[in-house]
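Chemist: Residue numbers (this note's numbering), protein chains in the order written: chain A, 1 to 359; chain B, 360 to 753.
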Ligand code: HEM
Ligand code: HEM
Ligand code: SF4
Ligand code: SF4
Ligand code: SF4
Ligand code: SF4
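1. Assign residue 596 (chain B) to buried or exposed, taking buried as 16 or more other Cβ atoms, counted over all protein chains shown, within 10 Å of its Cβ.
2. Check for me: the beta strand (DSSP E) holding residue 591 (chain B) runs from which residue to which?
3. With 8 Å set as the bound, which would you pick, yes or no: does the beta-carbon of residue 163 (chain A) sit closer than that to a beta-carbon of chain B?
4. What separation, rounded to the nearest whole angstrom, lies between the Cα atoms of residue 215 (chain A) and residue 433 (chain B)?
5. Which residues, taken in chain order from the region 113-135 of chain A, show a beta carbon closer than 9 Å to some beta carbon of chain B?
6. With DSSP as the reference, label residue 336 (chain A) as helix, strand or coil.
7. Taking C-beta pairs closer than 8 Å, name the residues in chain A that residue 410 (chain B) reaches, listed in chain order.
8. Distance cutoff 8 Å, beta carbons only. Does residue 647 (chain B) sit that close to anything in chain A?
9. Secondary structure at residue 432 (chain B), three-state DSSP: helix, strand or coil?
10. When burial is assigned at 16 or more other CB atoms within 10 Å of the CB, is residue 194 (chain A) buried or exposed?
11. Which residues in the same chain have their Cβ closer than 8 Å to the Cβ of residue 677 (chain B), if we skip the five residues on either side of it in sequence?
12. Is there at least one Cβ from chain B nearer than 8 Å to residue 160 (chain A)'s Cβ?
13. Distance cutoff 8 Å, beta carbons only. Does residue 189 (chain A) sit that close to anything in chain B?
14. Does the CB of residue 215 (chain A) have a neighbour CB from chain B at under 8 Å?
15. Rounded to a whole number of angstroms, what is the C-alpha to C-alpha distance between residue 701 (chain B) and residue 720 (chain B)?
16. Does DSSP classify residue 301 (chain A) as helix, strand or coil?
17. Looking at the unbroken alpha helix (DSSP H) that takes in residue 689 (chain B), where does it start and where does it end?
18. What residues from the region 236-253 of chain A come within 8 Å of chain B, judged by C-beta to C-beta, listed N to C?
19. Please decide whether residue 194 (chain A) counts as near chain B, where near means a Cβ-Cβ distance under 8 Å.
20. Can you give me the C-alpha to C-alpha distance between residue 447 (chain B) and residue 227 (chain A), rounded to a whole angstrom?
21. Grab me the residues of residue 371 (chain B)'s own chain with a C-beta within less than 8 Å of its C-beta, minus the 5 sequence neighbours each way, in chain order.
22. With distances taken from CA atoms, which of B:583, B:573, B:621 is nearest residue 481 (chain B)?
23. Using a beta-carbon distance below 8 Å, is residue 494 (chain B) in contact with chain A?
24. Determine which residues of the region 607-620 of chain B have a Cβ less than 7 Å from any Cβ of chain A, and write them out in chain order.
25. As a quick exercise: from B:512, B:465, B:711, pick the residue whose alpha carbon is nearest that of residue 425 (chain B).
26. Taking 8 Å as the CB-CB limit, is residue 325 (chain A) close to chain E?
27. Could you tell me whether the region 72-87 of chain A touches the region 451-471 of chain B, using the rule of 3 or more Cβ pairs below 8 Å?
28. Just confirm the distance between the C-beta atoms of residue 313 (chain A) and residue 162 (chain A), as a whole number of angstroms; I'd bet it's less than 8 Å.
29. Give a yes or no on whether 8 Å exceeds the smallest Cβ distance from residue 383 (chain B) to chain A.
30. Spatial neighbours of residue 180 (chain A) within its chain, please: C-beta separation below 7 Å, excluding the five flanking residues on both sides.
31. Taking CB distances under 8 Å as the criterion, tell me whether residue 184 (chain A) reaches chain B.
32. In the region 151-221 of chain A, which residue ranges form an unbroken alpha helix (DSSP H) of at least 4 residues, counting only runs that do not cross its ends?
33. Just the C-alpha distance for residue 123 (chain A) and residue 307 (chain A), rounded to the nearest angstrom, thanks.
34. Counting only beta-carbon separations shorter than 8 Å, does residue 293 (chain A) have a partner in chain B?
35. Measure the Cβ-Cβ separation of residue 32 (chain A) and residue 45 (chain A) and say whether it is below 8 Å.
36. Compare the C-beta of residue 351 (chain A) with all C-beta atoms of chain B and state if any pair is closer than 8 Å.
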């Protein structure tokens, strides 16, 4: 009898050193400066004089193994088999021979993967699962990303904005990604309270956890038909969906009332000003697949008004802080509504407490 | 065979194959197996009806691990039987997302044998995401993955997969070795990553400098952001070159400095480094002339999270400076104390950031044995509701 093969566990990821191109191994920690040679092409120069060229191309993030194999073939052909992905899910090819850059760029472009995403460009959109894989989504992620980037693709392949512009999409307010800290964020939201399935609730949910999951305390225990269940105080519910996350008997999807909100002005880098949260620009736009024209128009409008009005190096949030929110709404033509005024805990911190007003 | 007949008609999704940006619909179609055809079919239905068609949750996994797999079931399995089960495996990526073509092909081969052939490169926490397989394929996939040297990443109330910026591998601004720290942390906490021990999730992210290219300050419970303590390294000749090339140093650098600690007299740039807050702006603008100092390390920040439940948080300063060489040990010591406190006092599904909000930062510092430091606040409190400790009133 042969002993069963030993089960391998807790090995963690492979060590990154196995995957570093020789030029990076030689110059690890010794980079001196970098230059941007063209949109999508960076050159890093080492203290040793070595030069590393990175070519960055767009990816839809959702990739088939066919495309990954194609990227692998390109890496073999142009960079001895080395490549990497970025924190915004672009793909980067790492070359030590500048003579191959143009050929690689051409091949990527011909295959439908635009080259760009560097410096003052709109890089890839950090996004989530949507209708492709998640149960709590109020919208699709991939479809919106495709529609928005089709409209903004020239800003990916050029670097002509005042500063970097980061866009993120999340399909519900769990915000799996970077929505709360991006220059422009697209967020799926609901507008109706959950529909409670009293018949299954006691079997599939833990009531105390369910009650604790609600940010506004809208959920109360209640006995329905002799069985333990809950009720939702509808005036207190702002449709966040967290109760559904912890309890399958609280679904709140609703095609007519689910949709999109648009947020602006967040950043994570510390350059010049401190990191900032995104803030509400547009409370609601309809879900309009497959192209979400209202969402695309709204984003393009904000990008245009920003790029005309911002000073060099100003991120969207820095630009708005300089001109003030009233001017932002005026210049973009976005309607200001009661929904823009914060009413969650400590909301007063966002009210204007001065007479500094531009008329 | 009769693939053509079986293919769902997808007029709405077909629209998304047009346009210059690479299309995820094309990606799904390219994979051209029955699973992907059913996925497209179900997605088309979602596009028609404007709602998702996945059932809630699903507890599946591999033996010995409490996380790493997200179970997913279609709510229209009779229509799309091939996605009746459509589970995701999170596969821990190598630090910095570097690969060889050979490693990628190995992953593709495994996933072709056992799953849909669709992936996310990468999930926002960092993992390689294998998108869509059946429950009975999980163990065989895991076996082949570990034999190829890959392990699962995290999910659930555990240490999630740590991630980092490219750091010293390709950036002159890295103030510590982000890829090494990320890898060391991942290896050190394999148990906490695979077997959820906590009240809720806990994420590490490592950025080499305050540009924070992995957005650690917004997306990690524990954010490690590189910085330096001494002077910005300055090359005067290179500054002059920038000026000669047309950079308006007064306007674009000095006047954009948040502390106005720079002066430019037309020939010489002077930095009052004692006032510099290391924001990176001047360095970003003149990479050939200015670089971070030589006394390098990192600031450790704690508590960022998305809105659920009590509102979104950015991480806040916990330790202003740790020398690069001491980072790993300091972090291990620190998180062991944080986890001990969180384990004892954290409520179910309460992130560390929310726990700190609830008990107060000062109590939290006491609990983990750190002294208060003015670098931890943006301003002292503006209300007089001060809790004096007993011994001081006596
Ligand atoms: C040596 C120079 C730099 C290097 C090597 C570098 C590297 C990177 C890389 C590889 C990414 C992912 C990019 C992508 O996927 O398109 C990234 C993202 C990012 N970078 Fe940089 N970067 C540099 C300079 C900067 C500067 C000057 C800033 C800020 C002014 C900055 C802020 C960011 C931010 C905020 C992200 C996005 C993080 C996210 O949301 O995922 N970086 N950086
Ligand atoms: C309900 C089903 C959910 C699904 C299918 C889902 C899916 C995902 C996936 C695939 C990722 C990327 C993971 C990786 O790279 O390893 C992710 C990240 C994330 N998830 Fe979720 N998620 C769910 C629930 C939640 C909940 C309940 C929350 C918060 C309360 C949440 C907050 C986040 C955040 C903040 C991130 C990003 C962290 C980062 O930027 O590193 N998710 N989610
Ligand atoms: S953002 Fe919400 S809907 Fe989207 S993947 Fe995350 S939990 Fe699911
Ligand atoms: S949707 Fe949100 S606010 Fe409404 S009951 Fe559920 S948890 Fe509470
Ligand atoms: S965070 Fe800093 S060190 Fe890391 S890649 Fe970005 S700029 Fe470079
Ligand atoms: S790093 Fe920032 S604060 Fe420091 S001198 Fe440069 S611009 Fe000023």
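Glycine included, each C-beta is placed from N, C-alpha and C at the ideal position.
Modeler: Let me spell this out:
1. Counting the other CB atoms within 10 Å of its CB gives residue 596 (chain B) a total below 16, which places it among the exposed residues.
2. Residue 591 (chain B): not part of any beta strand (DSSP E); DSSP gives it neither H nor E.
3. At a cut-off of 8 Å, the C-beta of residue 163 (chain A) has no neighbouring C-beta in chain B.
4. Their backbone Cα atoms lie some 29 Å apart in a straight line.
5. Listed in sequence order: 113, 114, 126, 127, 128, 129, 130, 131, 132, 133, 134, 135.
6. DSSP places residue 336 (chain A) in the coil class of the three-state scheme, outside both helix and strand.
7. Residues of chain A whose Cβ lies closer than 8 Å to the Cβ of residue 410 (chain B) are, in chain order, 131, 253, 254, 255, 258.
8. It does; some Cβ of chain A falls within 8 Å.
9. Residue state for residue 432 (chain B) is assigned as strand, using DSSP reduced to three classes.
10. Per the 10 Å Cβ criterion, buried.
11. Only 659, 660, 661, 693, 729, 735 meet the Cβ criterion.
12. No, residue 160 (chain A) does not count as interfacial toward chain B.
13. For residue 189 (chain A), the nearest beta carbon of chain B is not closer than 8 Å to its own beta carbon.
14. Interface with chain B (8 Å Cβ-Cβ cutoff): residue 215 (chain A) is included.
15. Roughly 13 Å separates the two Cα atoms.
16. Assignment of residue 301 (chain A) by DSSP, reduced to helix, strand and coil, places it in the helix class.
17. Where residue 689 (chain B) is concerned, the enclosing alpha helix (DSSP H) stretches over 686-704.
18. Answer in chain order: 240, 242, 244, 245, 246, 248, 251, 253.
19. Taking Cβ atoms only, chain B never reaches closer than 8 Å to residue 194 (chain A), which makes this a no.
20. One C-alpha to the other measures close to 35 Å.
21. So the list reads 403, 406, 407, once near-sequence residues are dropped.
22. Distance check between residue 481 (chain B) and each of B:583, B:573, B:621 places B:573 closest, using alpha-carbon atoms only.
23. No, its Cβ sits nowhere closer than 8 Å to a Cβ of chain A.
24. Residues of the region 607-620 of chain B with a Cβ closer than 7 Å to any Cβ of chain A, in chain order: 611, 615, 617.
25. For residue 425 (chain B), the closest of B:512, B:465, B:711 by C-alpha to C-alpha distance is B:512.
26. Of the protein chains in the structure, A and B, none is chain E.
27. Contact between the region 72-87 of chain A and the region 451-471 of chain B is present: 3 or more CB-CB pairs across the two stretches fall below 8 Å.
28. Right, the Cβ-Cβ distance comes to about 7 Å (below 8 Å), so this counts as a contact.
29. It does; some Cβ of chain A falls within 8 Å.
30. Within the same chain, and ignoring the five residues on either side of residue 180 (chain A) in sequence, the residues whose Cβ sits closer than 7 Å to its Cβ are 266, 277, 278.
31. No, because no Cβ of chain B sits closer than 8 Å to the Cβ of residue 184 (chain A).
32. Here the runs fully enclosed are 201-204, 207-212.
33. Approximately 15 Å, taken between the alpha carbons.
34. Closer than 8 Å: no.
35. Residue 32 (chain A) is a Cβ neighbour of residue 45 (chain A), given a cutoff of 8 Å.
36. So no, residue 351 (chain A) is outside the interface.
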